[in-house]
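Residue numbering for the sequence shown follows the working numbering, beginning at 842 and increasing consecutively.
Ideal Cβ placement from N, Cα and C applies to all residues, glycine included.
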Amino acid sequence: MIKYPIYVTLDTNILDSANYDFDEKSTLQLLANYVKKGKVKVVLSNIVVKEAEKHISEKEIFEIEKWISSKCEDASRKMEITNLPYNIGYGDDIEILGIDDQKLFFQIDEININPSAGDKEWIDISLSNKKQIIANGTVELTVGYIEYDEDGGVADALDDKIYYSYYSIIEQLDNFILEQNEYMKTEKAIIEIIEEAIK
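Have a look at this one:
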């Protein structure tokens, strides 16, 4: 089984043979995509970096600066998105949008029950992505009651109870948040490296 990340050393011969081509389907762009996913780490010497800089024209620098600017604007826009409600109620279906455009959907079923005293009912909670449910839980409701004896005293009683089971949902949300934080760090690091390279 392959252990990631794989470390790849690039020299000027490899870049020359690829013609410094970073088009969408190019070998270098494919490598860049693997780097972004964390599967590959590229090792570059100062000599290789300096040689690569010679192949960057003023027009390309302008395009790179535009790309950096758009990335910063996009990140700022996404950081300002507040699509989560302050309160969650039964029957709610909530979309959670990540800064990498990944989406999760939190759903809690409606209360369509009319339980009798002492009964227990369960309401489903789920967290899903666009393809499938990735975590679920329940809300357990117990309906309380009071029974009186002939003298007006309490003969039997049961308190209303609500029990929540949602550990797997919290775990998945924690993972989602970690992924988003790592994505932001990677984007920031890439932008800083490129900004430094074109100075």
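(Q) If you reduce the DSSP assignment to three classes, tell me which class S957 lands in. (A) coil
- prompt: DSSP on E988, reduced to helix/strand/coil?
  reply: strand
Local Cβ density within 10 Å of L1019, reported as buried at 16 or more and exposed below that
exposed
Query raised in the report: For E1020, which three-state DSSP category applies?
Result: helix
Under DSSP, the beta strand (DSSP E) around K878 begins and ends at which residues? No beta strand (DSSP E) contains K878, which DSSP labels as neither H nor E.
When you compare each of I929, W908 and V984 to F947 by their alpha carbons, which one comes out closest?
I929
**Report entry** Beta bridge counterpart(s) of A998 as assigned by DSSP
**Finding:** I987
If D941 sits next to Q1021, beta carbons under 8 Å apart, how far is it from one beta carbon to the other, in whole angstroms?
7 Å
### Query
Count the other CB atoms within 10 Å of the CB of L968; is the residue buried (16 or more) or exposed (fewer)?
buried
Review point. Going straight from the alpha carbon of Y848 to that of K877, what length do you get?
Key: 13 Å
- Message: Rounded to the nearest angstrom, what separates A874 and D960 at their Cα positions?
- Response: According to the sequence provided, residue 874 is Asn. The question's Ala does not apply to it. Cα-Cα distance, rounded: 55 Å.
Review point. Can you give the Cα-Cα distance for D965 and K971, rounded to whole angstroms?
Key: 19 Å
Beta-carbon within less than 8 Å of F1017's beta-carbon, same chain only, minus the 5 sequence neighbours each way: which residues are those? I937, G939, Q943 and L945
Considering only their Cβ atoms, is the gap separating G985 from D1001 smaller than 9 Å? yes
- Query: Between I1011 and Y927, what straight-line distance do the alpha-carbon atoms span, to the nearest angstrom?
  - Reply: 17 Å
Q: Output the boundary residues of the beta strand (DSSP E) element that contains I935.
A: D934 to L938
- Message: Let me check understanding here. Comparing Cα to Cα, which of A958, T983, Y1005 and E906 lies closest to I949?
- Response: Y1005
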